[in-house]
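In case it helps, UniProt numbering puts the sequence shown at residues 1 to 253.
We put the CB at the ideal spot given by N, CA and C, even for glycine.
Below is one structure, written out as structure tokens, with a few remarks after it.
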Amino acid sequence: MHILYEVCPYFKFGYMSANGAIAEAMKDEDRVHIIDFQIGQGSQWITLIQAFAARPGGPPHIRITGIDDSTSAYARGGGLNIVAKRLSKLAALFKVPFEFNATAMSGCEVQQEHLQVRPGEALAVNFAFMLHHMPDESVSTENHRDRLLRLVKSLSPKVVTLVEQESNTNTAPFFPRFRETLNYYTAMFESIDVTLPREQKERINVEQHCLARDVVNIIACEGPERVERHELMGKWRSRFRMAGFTPYPLSSL
1 MHILYEVCPY FKFGYMSANG AIAEAMKDED RVHIIDFQIG QGSQWITLIQ AFAARPGGPP
61 HIRITGIDDS TSAYARGGGL NIVAKRLSKL AALFKVPFEF NATAMSGCEV QQEHLQVRPG
121 EALAVNFAFM LHHMPDESVS TENHRDRLLR LVKSLSPKVV TLVEQESNTN TAPFFPRFRE
181 TLNYYTAMFE SIDVTLPREQ KERINVEQHC LARDVVNIIA CEGPERVERH ELMGKWRSRF
241 RMAGFTPYPL SSL
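Here it is as structure tokens:
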């Protein structure tokens, strides 16, 4: 996933936009708690830690709760212990007070007590390429996609960020889903052309182990086995509003 972040402009832009929203919301806070619901390799937080280190008046105390299911076939990281060491070393280098809480479980299993929210900390919650893996009402009566949003709302976060693919592959029938997948991933592959030639080893790895796997799951699987279930922005906006959230542009935070 780190390679995909490096070579694909879409992913990098999404992470940077989320970081910008969090940095702006937390600009006056002394203690910041970030809950990342699918931390992967933790690459997203490198630039944010650096930004906080350069903040006038000094950096805040940062605590990151990283959630990742290392047993999942769609796990993106190399282990929470590795992420903790990597980010702790970076924070020490930039003299940023830092804590890391490792939470090894699926998003479907997360309950409030797993998130270790403390009084006196400004809370940011990050959903980056994660919620579309959660089964919704069309797959499960438990509807973890909306359950997690309601859970997060109950924590009174200062900011919640969502990074997702703009594609309708959740409830669409096969042929519309096939067209959506073709159009979206064609654009994805074309964007990678800008950064890597097609014969480059890193690009081949990304295409085979990340993108091709996702395409196969969207096209060839049904029911609970289909976990790549993207939705359009309008649907996400509706879900967030039903959970009690209000959207804000960056300039309004």
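For glycine 107, there is no enclosing beta strand (DSSP E), since its DSSP letter is neither H nor E. Nearest Cα to glutamine 116 within the set Val96, Thr65, Ser140: Thr65. Excluding sequence positions up to five before and after valine 96, its CB lies within less than 7 angstroms of the CB of Ile49, Phe52, Ala53, Pro59, Ile62, all in the same chain and listed in chain order. Excluding residues up to 5 positions away in sequence, Arg239, Phe240, Ala243 lie with their Cβ nearer than 7 angstroms to the Cβ of leucine 149 in the same chain. According to the DSSP assignment, leucine 90 belongs to the alpha helix (DSSP H) that extends over 80 to 93. Look at alanine 172 here: in three-state DSSP terms it is coil, with no helix or strand label. CA-to-CA, the gap between arginine 145 and serine 43 works out to about 24 angstroms. The shortest CA-to-CA distance from lysine 27 to any of Asp36, Arg203, Gly57, Gln38 is the one to Gly57. Inside the region 94 to 140, DSSP marks whole beta strand (DSSP E) runs of 3 or more residues at positions 98 to 103, 122 to 128, from first to last along the chain. Glycine 107 and proline 176 have their C-alpha atoms spaced approximately 28 angstroms apart.
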